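Residue numbers (my numbering): 8 to 139.
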């Protein structure tokens, strides 16, 4: 994305790890909430959707953290790649459940969307940090 010194790379790795842990904690809270209200297979599908949301969100935040703060085009590429990854995963999940019953589609896709929207709070924090 841009050249960063080893000291900057170390601080970026720490920030990315911290964000991934925060995202995992937030996802665990959501998972507990979903597990309370959903039964067996629906809960498993919801956890799969939530795990996909956490993975793609963590990757998007990591790209933002490592983006060179000095150039706007690098930042836009990192942000755009994160958005594209989220859309790509949604398309893959939609294709995986295409033609299946609503009882299969709803928990998987609903949990993914809920997870992505909630985990955007972590990304917004990094956007504000990059802007200042």
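Every residue gets a Cβ at the ideal spot worked out from N, C-alpha and C, and that includes glycine. On a predicted model such as this, the values are computed, not experimentally measured, just so you know.
Counted as a single uninterrupted DSSP element, the alpha helix (DSSP H) harbouring residue 51 occupies residues 47-73.
When rounded, the separation of the alpha-carbon atoms in residue 40 and residue 87 is 31 Å. Just so you know, the alpha carbons of residue 82 and residue 93 end up roughly 17 Å apart. For residue 22, the closest C-alpha among the options 63, 70, 55 and 53 is that of 70.
Here residue 28 is exposed. Its C-beta has fewer than 16 other C-beta atoms within 10 Å. If the five residues before and after residue 48 are omitted, its C-beta is found closer than 7 Å to no C-beta atom of its own chain. In summary, residue 65 is buried, with 16 or more beta-carbon neighbours lying within 10 Å of its beta-carbon over all protein chains present.
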